[in-house]
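Note that the numbering used here has the sequence shown beginning at 1, numbered continuously upward.
Ideal Cβ positions, reconstructed from N, Cα and C, are used throughout, including at glycine.
Predicted, not measured: the structure shown is a model, and the values here were computed from it.
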Amino acid sequence: MLPKISDVVIIGGGVMGASVAYHLAERGGVSVTLLEREEQFGLGSTGRCAGGIRHQFSTEVNIRLSIESIKMMERFPEEIGQEIGLNLIGYLFVLDNERDFEQFKRNVALQHHLGIESTVLSVDDVQRRVPLLNLEGVVGGTIYERDGLADPNSIVQGYINKMRQLKQQANPALSINLLNNVTVTDVRMAPSGRVQAVVTNEGEIATETIVIAAGAWSGQFGEMVGVNIPIVPVRRQIAVTTPIRQLPPDFPFVLFFGQSLYFHPESGQSILTGKSNSSEPVSFNTEVDPKWTETHLLEAMHRFPLLEQAGLLSEWAGLYEVTPDEQAILGRLPGVEGVIIAAGFSGHGFMHGLVVGKLMAEEIVEGRAYSINIDDLRYERFALGKDVSEYNIV
Ligand SMILES: Cc1cc2nc3c(=O)[nH]c(=O)nc-3n(C[C@H](O)[C@H](O)[C@H](O)COP(=O)(O)OP(=O)(O)OC[C@H]3O[C@@H](n4cnc5c(N)ncnc54)[C@H](O)[C@@H]3O)c2cc1C
């Protein structure tokens, strides 16, 4: 049942919303309401993502977010009580031009500075690591063997189940409301610019703090709170093949960076593959485009010829949540009071969801996130014209 009042209302029950809610609930002391319009949590981009996790970014803030998030994944089964399919199979970037290669060498230097032992590879090294790839035109690569995969749904369910346990434990002061089939239709703001209430299809909740964690739909809340939120939805597709008997057990996550084309082992010996369409228009369309499937799979078979022997098992599309600099927007929105945002990850949000939940709980309870400096990802960067672009975007 919808509570009449809640200290914090979180809009969106994907990895971001679930993680923010859990980290607030775990601290205690504030009542928390998580609102998801779908029948289950995690059916948005989180449930449609490729599950890739990596430390290999070009900006310090993203590398730090990955370091902490992946540590949290390692502790997840023990702390949250849920296995999450963490599989550190390695993540190989394959590069086909000198400009990218030089940039990736600089990225590796930064990663080393932050304690991540990623490696620069020659073309021969890449071929030795994954002999099955067609490396025509490739100039080199980078790899980190402690990157890989995790299961997004298990992380969402782990947080949700853990919150249900916390709720059952005898702590009457702890009010945790986890609600499905509730659509937020408006946010009521006082003339002073302070949040007053969240309006839903089920009624209103009085609150002074909201968290916009609605992924690709987050931009829609800008008008409601009176701040432009530059996040747009862009469709991305994935295909999964039938099992390939010859797939070696050490096959890593492989990304042909120049073509935004990736492969990783899925459920044993199948391959999950995706390719970003740089001409994809902004829209909420999540229908599979068969023309794009054809373009994608032809290129996939060119780079990984063994795929010719496989069938297509399943395919789907989901939405990236894209910002002008393809970086997330995190923390309090300026010019209004009580509006926190954790969205706009432009294709790498699943892996950062765990630590971002912790950081947003700090921001809400203690006034400012402190365990990682997220200033580069705050909304204010747009007005300051600060360039915080991330190079390693898929
Ligand atoms: C094809 C694809 C592959 C990807 N691969 C990777 C990857 O390998 N690694 C990685 O880290 N990231 C990846 N991503 C990105 C990642 O999936 C997202 O960044 C991340 O899941 C965002 O989580 P979220 O909780 O913010 O959004 P979502 O999971 O989309 O959750 C937002 C929720 O808000 C709900 N909602 C929206 N509007 C309302 C409303 N008005 N009222 C109530 N609820 C509402 C939605 O129903 C949804 O459940 C990929 C994304 C796609 C599409």
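Return the first residue and the last residue of the alpha helix (DSSP H) that proline 152 is part of. Element bounds for proline 152: 152-168.
Look at the alpha carbon of valine 126 and the alpha carbon of serine 276, and state the distance between them as a whole number of angstroms. 22 Å
Inter-stretch contact at 8 Å, needing at least 3 Cβ pairs: the region 301-316 / the region 330-346: no
Buried/exposed call for arginine 303, threshold 16 Cβ in 10 Å: buried
Looking at the secondary structure, which residues open and close the beta strand (DSSP E) in which tyrosine 320 lies? 312-322
Do valine 182 and valine 195 come within 8 Å of each other at the CB atom, strictly closer than that value? Cβ atoms of valine 195 and valine 182: not closer than 8 Å.
Kindly provide the ranges of any beta strand (DSSP E) runs that are 3 or more residues long and lie completely inside the region 65-116, ordered along the chain. 91-95
Looking at the strands, I want to know which residues DSSP matches up with glutamate 194. The residue you asked about is not glutamate; residue 194 is arginine in the sequence shown. Answer is Glu337, bridged to arginine 194.
Whole-Å CB distance - glycine 357 paired with valine 32, under 8 Å assumed: 11 Å between Cβ atoms; not a contact.
Please name the residue in Ser278, Trp316, Ile271 and Val282 whose C-alpha comes closest to that of threonine 293. Of the listed residues, the one whose Cα sits closest to threonine 293 is Trp316.
Measuring only from the beta carbon, is tryptophan 292 closer than 7 Å to any heavy atom that is part of ligand 1? no
What's the call for alanine 383, buried or exposed, on a 16-neighbour Cβ count within 10 Å? exposed
Looking at C-alpha atoms only, which residue of Gly148, Ala369 and Asn201 is the closest neighbour of methionine 73? Gly148
Does the beta carbon of histidine 348 fall short of 7 Å from some heavy atom of ligand 1? yes
Would a C-beta distance cut-off of 8 Å place valine 365 and valine 9 closer than the cut-off? Judged by beta-carbon spacing, valine 9 lies beyond the 8 Å limit of valine 365, meaning their Cβ atoms are not closer than that value.
Where DSSP assigns a beta bridge to aspartate 186, which residues make up the other side? Val199
Please list the terminal residues of the continuous alpha helix (DSSP H) segment that includes isoleucine 364. 349-366
Evaluate glutamine 168 with the Cβ neighbour count: other Cβ atoms within 10 Å of its Cβ, from every protein chain shown; 16 or more gives buried, anything less gives exposed. exposed
Kindly list the residues whose CB is nearer than 8 Å to the CB of leucine 95, restricted to its own chain and excluding five residues on each side of it in sequence; keep chain order. The beta carbon of leucine 95 lies closer than 8 Å to those of Phe101, Phe104, Val138, Val139, Gly140, Gly141, Thr142, Phe257 and Gly258 in the same chain, with the five residues before and after it left out.
Does the distance from the CB of isoleucine 395 to the CB of alanine 197 come in under 8 Å? Residue 395 cannot be examined here, being either before or after the span of the chain that is shown, 1 to 394.
Rounded to whole angstroms, what's the CA-CA distance from glutamate 68 to leucine 135? Just pull it up for me. Linking glutamate 68 to leucine 135 through their CA atoms gives a straight-line distance of about 33 Å.
For asparagine 277, which three-state DSSP category applies? coil
By Cβ distance below 6 Å, which residues in the same chain neighbour aspartate 7 in space, the five residues on each side in sequence not counted? Val30 and Ser31
In terms of residues, what are the limits of the alpha helix (DSSP H) holding histidine 55? Per DSSP, histidine 55 belongs to no alpha helix (DSSP H) and is neither H nor E.
First and last residue of the beta strand (DSSP E) that includes leucine 330? 329-332
Whole-angstrom C-beta distance between valine 156 and methionine 360, which should lie under 8 Å: Separation of the CB atoms of methionine 360 and valine 156 is rounded to 16 Å, and the pair is thereby denied contact status at 8 Å.
Considering only residues of the same chain and omitting the five flanking positions on each side of tyrosine 370, which have a CB-CB separation below 7 Å? Annotation for tyrosine 370: Glu362 place their beta carbon closer than 7 Å to its own, counting only its chain and skipping 5 residues before and after.
Take the Cβ of lysine 162 as the centre, count every other Cβ of all protein chains shown within 10 Å, and call the residue buried at 16 or more, exposed below. The residue is buried, with at least 16 neighbouring Cβ atoms inside 10 Å.
Helix, strand or coil for asparagine 373? Go by DSSP, reduced to three states. The three-state reading of DSSP puts asparagine 373 in coil, since its state is none of H, G, I, E or B.
Just the Cα atoms here: how many angstroms apart are arginine 64 and serine 389? 15 Å
Collapsed DSSP secondary structure at valine 394 in the structure displayed: coil
So phenylalanine 41 and alanine 18 are in contact, right, with Cβ under 8 Å, and what is the actual spacing, rounded? 6 Å
Flag valine 184 as yes when its Cβ comes closer than 7 Å to any non-hydrogen atom of ligand 1, and as no otherwise. yes
Which two residues bound the contiguous alpha helix (DSSP H) that contains phenylalanine 221? 221-225
DSSP three-state label for alanine 206, please. In the structure shown, the three-state DSSP call for alanine 206 is strand.
My understanding is that leucine 319 touches phenylalanine 284, with C-beta atoms under 8 Å, so please give their C-beta distance in whole angstroms. 7 Å
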